[in-house]
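Let me begin by presenting the structure, written as structure tokens, before commenting on it.
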Amino acid sequence: MKIIIVGCGRVGYALAQQLSEEKHDITVIDTKADKLERMVSVLDVQAVEGNATSFRVQQEAGVHNCDMMIAVTGQDEVNLLCCLIARRSGIKHAIARVQNPIYNEEVQYLQDELGLSMTINPQLDCAKSIAKLIEVPGALDITTFARGRIDLVRLPIPKDSPVDGMTIIDFANKISSDTLVTAIERDGAVIIPNGHTKLLSGDNMYVILQPKQIVGLCQKLGIKTKAIRSVLIAGGGTTAYYLAKHLSNLPIDVKIIEQDHARCEHLSEMLPSAMIIEGNAADRQILMEEGVTEKDAMVALTNMDEENLVLSMFCNKVSKGKTKTITKLNTISFDEVLKDLPIGVVVSPKAITTKIILQYVRALENTHGSNIETLYRILNERVEVLEFKVHADSKITGKPLMELKLKKNLLVCAILRKGRVITPGGKDEILPGDNVIIVTTELGLKDVDDIRA
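Given below as structure tokens:
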């Protein structure tokens, strides 16, 4: 596909990188020549310097011959106007980043009136991810599939866990027959397990299961958790607002530390059930005065990655690991170092946005055999988890899984049929109308038929 990306900030760069790696023809528009030069020197993309709200600039970028525009500048209004001009120029698909809470209640109206294919809100999606982690404190990551009926959950296997040394077959027989272990992270390596693979303390395991089963599984694994009833949020930006608003519906006390006076007043008006503290979240004395050691969770959401890292490490130190820490990072990506730091769970609005758009682009590429409903990358982008909707003319339907020659390092994790979740065995079949969840190290699958070797 020919795709125009407007804006080469963190999100724009990540999108250009991912989409160009999947062999799409990418053109990036931005007003800053230095950013474009750096991008072109590293990625296989074209660049146009200029303001993308100009019809002339869009013409120079080849809007008439493009399939899609993705506008991800830092200004909602610019993104919307760019997409409107592109749609009037005949482009079929337009995606705009719209993050201001003012527009949040009007997203569907904007999509309908401006002819947008979709809008994305990195801050809102990030807040939703953090909220899930707070609601299920034992999990390191949670992704929802099948419209909330199945979760992919990353769980640690603690020291002296009952499953230490247990094979996958034994895990199914003794711990949970309805839970499928889809991937294991061990010492930086990725393992797509078979029945004889052993689970070891220190592993991170990715499991597919129904949401109501997560708490019980944590207990069986020996993960010590307690319900989170108090949360301290460092930084009062848009993500903090969305998170606090979500948590206000739960029996959780929320406290936000924000140093900008006007922002504090605004948050106080918008979030009457939260306590807003005016001060610098990076000030040790303020953190101690506000009871960081007594909180069940601390979420570092300032605009600086380095500050978030230090805040999470400090919280872990003074609470002696009792406070669950969640750290927002957008720029820093030294995974080999981060995994050894006591910063709790890391979330990235940039990564979440890229995942959503990549899912949409893949679905557009193939509307024949099946459509991608959900796409998620795990284990440092090395493994993909995909949910496909199976159509009637798919070539893998009506055959037992044991008779399908599947690609290596690929698992059929779950089949959803008429509201029922099936943990598949060799004799199960995939039928038209099913939703099928696949885990694979083979990146770039576009159709459920692609699971065959």
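In terms of our numbering, the sequence shown opens at residue 46 and continues consecutively. Idealized CB from N, CA, C, for every residue including glycine.
query: Under 8 Å between C-beta atoms of Lys102 and Val90; result: Looking at the sequence itself, residue 102 is Val, so the reference to Lys does not match. No, the pair does not count as a contact, with Cβ atoms beyond the cut-off.
query: Rounded separation between Ala307 and Met320 - CA only; result: 15 Å
query: Pair within 8 Å by beta-carbon distance, Ile136 and Ala106; result: no
query: The beta strand (DSSP E) enclosing Asn249, as first and last residue numbers; result: Asn249 to Leu254
query: For Pro146, three-class secondary structure by DSSP; result: helix
query: Contacts around Gly282, its chain only, beta-carbon distance under 7 Å, and the 5 residues preceding and following it disregarded; result: Leu346 and Asn348
query: Gly183 classed as buried or exposed, judged by whether at least 16 other C-beta atoms fall within 10 angstroms; result: buried
query: Per-residue burial, Arg133 [other beta carbons within 10 Å of its own, 16 or more giving buried]; result: exposed
query: Phe100 burial status per 10 Å Cβ neighbour count (16 or more: buried); result: exposed
query: Val87 classed as buried or exposed, judged by whether at least 16 other C-beta atoms fall within 10 angstroms; result: exposed
query: Coil, strand or helix - Asp494 by DSSP; result: helix
query: Element boundaries [alpha helix (DSSP H), containing Gln104]; result: Phe100 to Glu105
query: Buried/exposed call for His413, threshold 16 Cβ in 10 Å; result: Any reading at His413 needs caution, since the residue's pLDDT is 46, under 50, leaving its predicted position unreliable; the model's value is listed next. So His413 ends up on the exposed side.
query: Bounding residues of the alpha helix (DSSP H) (the contiguous stretch that carries Asn239); result: Unbroken run through Asn239: none, as it is neither H nor E.
query: Bounding residues of the alpha helix (DSSP H) (the contiguous stretch that carries Val260); result: Ile259 to Leu266
query: Residue nearest to Ser221 in terms of C-alpha spacing, selected from Leu244, Leu262 and Pro317; result: Leu262
query: Reduced DSSP category for Ile483 - H, G, I as helix; E, B as strand; rest coil; result: strand
query: Delimiting residues of the alpha helix (DSSP H) encompassing Lys373; result: No alpha helix (DSSP H) holds Lys373; the beta strand (DSSP E) holding it covers Lys369 to Lys373.
query: Coil, strand or helix - Asp223 by DSSP; result: coil
query: Own chain partners of Met211 with C-beta closer than 8 Å, once the 5 adjacent residues on each side are dropped; result: Lys219, Ile220, Lys243 and Leu244
query: Straight-line Cα distance separating Glu82 from Gly54; result: 13 Å
query: Minimum C-alpha distance to Leu159 - residue among Leu126, Asn96 and Ala234; result: Leu126
query: Three-way DSSP call (helix, strand, coil) for Ile136 in this model; result: coil
query: Straight-line Cα distance separating Arg142 from Ala97; result: 14 Å
query: Chain-order list of residues whose beta-carbon lies under 7 Å from that of Val208 (same chain, five-residue window excluded); result: Ile202, Phe216, Ile220, Leu244 and Leu266
query: Where His413 sits in the DSSP three-state scheme; result: Because the pLDDT at His413 is just 46, under 50, the model does not fix this residue reliably, and the value given afterwards should be weighed accordingly. His413: coil per DSSP, three-state reduction.
query: Rounded C-alpha distance that separates Ala327 from Gln304; result: 10 Å
query: Classification of Lys177 by the beta-carbon crowding that lies within 10 angstroms, buried from 16 upward; result: buried
query: Own chain, CB closer than 7 Å to Lys450, minus 5 neighbours either side, in chain order; result: Arg497 and Ala498
query: Spatial neighbours of Val391 in its chain, beta-carbon cut-off 6 Å, leaving aside the 5 residues before and after; result: Thr372 and Leu374
query: Backbone secondary structure at Lys47 - three-state DSSP; result: strand
query: Beta-carbon proximity list for Ser499, same chain, < 6 Å, skipping 5 on both sides; result: Not covered by the structure: residue 499. The range shown for the chain is 46 to 498.
query: Strand pairing of Leu455, partner residues [DSSP]; result: Thr485
query: Phe359 to Ala279 span [Cα, whole Å]; result: 12 Å
query: Reduced DSSP category for Arg465 - H, G, I as helix; E, B as strand; rest coil; result: strand
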